[in-house]
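What follows is one structure encoded as structure tokens, with my remarks underneath.
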Amino acid sequence: MLDPVILVIALVCGMASQAIGLPALIGYLAAGFILHELDIGGGGLLSALSDLGITLLLFTIGLKLQPEKLLQARVWGTTFIHMLAMQLLFVALLFAVDAFSTSINLDMMTKAVVAFALTFSSTVFVIQIMQARGEMASSHASLAIGILVIQDLAAVIFLAIAAGKVPEPSALLLLLLLPLRGVLMRLLALCGH
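Numbering that gives the first Met the number 0 applies: residue 0 is where the sequence shown begins, and numbers increase by one.
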């Protein structure tokens with residue numbers, strides 16, 4: 000039943016963050032840290048709202064992103080090089096931690112999974128910053144979003160494989176939404192997005 004209180008605290012922290020010239024997202028993160036330290040957790044409403052917010056953000060990105068940009072060599076190449084380099088770096092760091100600590104003893108598979116998780120960037124954070132700066136139409140934003148979308152796809156595939164779940168064939172019906180892209184873009188424009 001604390002969900003409304005949690006939302007108000009997040010709103011206040013977000014507004015305070017903006018008042019001192021920082022993005023609202025920093026305030027939301029601070030609110031989360033504070034509430035966690037106070038051992039205040041959210042309930043079903045908060046979970047549903049957060050899932051809806053992330054879903055709508057990714058949906059909006061999907062509408063604005065042109066699939067041909069994802070296929071560009073600079074997007075795939077940068078993503079691959081970044082993820083490979085970070086994977087190697089984090090595995091090496093985990094080996095170093097293992098060498099100097101007797102309390103942390105991770106097997107190779109666990110090190111690989113932890114390193115894989117650490118290679119990802121925050122799509123939500125990057126989009127919020129780009130929108131706040133008015134840079135969404137820039138070429139570097141297009142490249143960054145392309146990289147983040149590919150990272151998100153890699154994460155979804157990894158999570159599906161790790162959970163042993165395969166998408167149902169009916170998921171292919173989502174491709175039928177492609178012809179509706181123009182209509183959906185007009186609706187977003189009418190809403191101010």
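Even for Gly, the Cβ is constructed at its ideal location relative to N, Cα and C.
What do you reckon, are the CB atoms on residue 39 and residue 92 nearer than 8 Å? Position 40 of the sequence shown, counted from the start, is the residue given in the question as residue 39. Position 93 of the sequence shown, counted from the start, is the residue given in the question as residue 92. In this structure, residue 92 does not lie closer than 8 Å to residue 39 by Cβ.
Can you name, in chain order, every residue of its own chain whose Cβ lies under 7 Å from the Cβ of residue 104, other than the five neighbours on each side? The sequence position of residue 104 within the sequence shown is 105, counting from 1. 97.
N-terminal and C-terminal residue of the alpha helix (DSSP H) that residue 141 is part of: Sequence index remark: in the sequence shown, residue 141 carries index 142 (1-based). 138-162 is the extent of the alpha helix (DSSP H) around residue 141.
Just the C-alpha distance for residue 48 and residue 149, rounded to the nearest angstrom, thanks. As a position in the sequence shown, residue 48 is number 49, starting the count at 1. As a position in the sequence shown, residue 149 is number 150, starting the count at 1. Straight-line Cα distance between these residues: approximately 25 Å.
Which value, in whole angstroms, describes the spacing of the CA atoms of residue 160 and residue 18? Translated into the one-based positions of the sequence shown, residue 160 becomes position 161. Translated into the one-based positions of the sequence shown, residue 18 becomes position 19. One C-alpha to the other measures close to 44 Å.
Option in 101, 121, 7, 58 with minimal Cα separation from residue 154: For the purposes of this step, residue 154 is identified with residue 155 of the sequence shown, where counting begins at 1. Nearest option by C-alpha distance: 121.
Which whole-angstrom value is the C-beta distance of residue 109 and residue 82, which I expect to be below 8 Å? Here residue 109 is taken as the residue at index 110 of the sequence shown, counted from 1. Here residue 82 is taken as the residue at index 83 of the sequence shown, counted from 1. Actually they are not in contact, since the Cβ atoms of residue 109 and residue 82 sit about 18 Å apart, beyond 8 Å.
Go ahead and label residue 205 buried or exposed: buried means 16 or more other beta carbons lie within 10 angstroms of its beta carbon, across all protein chains shown. Since the first residue shown for the chain is 0 and the last is 192, residue 205 is missing from the structure and cannot be characterised.
Quick check: the Cα distance between residue 157 and residue 187, rounded to an integer number of angstroms? The sequence position of residue 157 within the sequence shown is 158, counting from 1. The sequence position of residue 187 within the sequence shown is 188, counting from 1. Whole-angstrom Cα-Cα distance: 31 Å.
Is the distance from the Cβ of residue 89 to the Cβ of residue 114 below 8 Å? The residue you call residue 89 lines up with position 90 of the sequence shown. The residue you call residue 114 lines up with position 115 of the sequence shown. For residue 89 and residue 114, yes; Cβs fall inside 8 Å.
Compare the C-alpha of residue 127 against each of 15, 12, 23 and name the closest. Position 128 of the sequence shown, counted from the first residue, corresponds to residue 127. Out of 15, 12, 23, 23 has the C-alpha closest to the C-alpha of residue 127.
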